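> Can you keep this structure in mind? I'll have questions shortly.
Numbering (our numbering), first residue to last: 11 to 236.
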């Protein structure tokens with residue numbers, strides 16, 4: 011009888027130990043799963059917070075642009091502020107780049123750059139937003155006339171020897187802005203064959219479409235190339 015009781019007690023102890031071990035294992039596994047779930051939840055919360063900050067910044071930028079657009083249209087802007095706000099009133103072709111390679115003056119270059127300035131109502135340069143198109147027409151010597159105002163102009167119907175064109179959109183136009191000792195302008199590079207003619211005349215034309223005001227401006231310039 012005593013041996014039987016001892017056997018029962020031993021079995022009971024073994025069963026209790028097995029149950030405890032099983033419960034312990036379940037507890038550890040449950041804690042691991044919970045920790046993993048918490049980590050995943052924290053990562054999702056952090057990702058959502060990043061998205062929220064990005065959306066807030068984007069909305070703030072869009073709101074600033076909408077506000078600026080409304081001000082540009084004169085909505086809610088005091089009259090004196092609107093009157094003092096500079097806007098492009100005209101454009102001017104301020105220069106034509108060399109036709110020679112600066113590293114070797116005996117070798118004709120295959121590109122030329124044109125400097126175009128945007129001017130406000132007082133004739134001062136300013137930065138603008140919009141689209142700028144520039145065209146070069148190489149005319150034969152003597153293809154010019156003097157108009158009634160005493161200004162030199164190209165003859166109507168003069169056949170150009172060659173032409174070159176370039177167009178800059180708003181982003182490219184912003185990158186083309188240059189400031190120097192001689193002033194500020196937009197520099198437009200055009201690829202063109204070297205001049206073979208002597209005493210040729212180059213007609214430069216520029217058109218600017220203002221994205222803010224919707225106005226368009228045009229300028230022309232004649233340059234003698236020897």
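Note that the Cβ used here is the ideal one computed from N, Cα and C, for glycine as well. Computed from a predicted structure; not experimentally measured.
1) For a quick check, are the C-beta atoms of residue 102 and residue 121 less than 8 Å apart?
2) Can you say whether residue 104 is buried or exposed, counting buried as having 16 or more other CB atoms within 10 angstroms of its CB?
3) Please go through the same chain and pick out, in chain order, the residues whose beta-carbon is closer than 6 Å to the beta-carbon of residue 176, but skip the five residues on each side of it.
4) Inspect the beta-carbon positions of residue 213 and residue 136 and report whether they are closer than 8 Å.
5) Using alpha carbons as the reference points, say which of 164, 220, 130 and 233 lies closest to residue 184.
6) Assign residue 229 to one of three DSSP states: helix, strand, or coil.
7) In the DSSP assignment, find the beta strand (DSSP E) that holds residue 145 and state where it starts and stops.
8) On the criterion of 16 or more Cβ atoms from any shown chain inside 10 Å, does residue 243 qualify as buried, or is it exposed?
9) Kindly indicate which three-state DSSP category residue 183 falls into: helix, strand or coil?
10) Here's a check: name, in chain order, each residue in its chain whose Cβ is nearer than 6 Å to the Cβ of residue 226, leaving out the five neighbours to either side.
11) So what does DSSP say about residue 172, is it helix, strand or coil?
12) Using the three-state DSSP reduction, which class does residue 189 fall into: helix, strand or coil?
13) What's the call for residue 140, buried or exposed, on a 16-neighbour Cβ count within 10 Å?
14) Do you know whose CA, among 62, 48, 223 and 192, lies nearest residue 100's CA?
To lay it out plainly:
1) no
2) buried
3) 144, 198 and 200
4) no
5) 220
6) strand
7) 140-149
8) Residue 243 is absent from the model: the chain starts at 11 and stops at 236.
9) helix
10) 219
11) strand
12) strand
13) buried
14) 223
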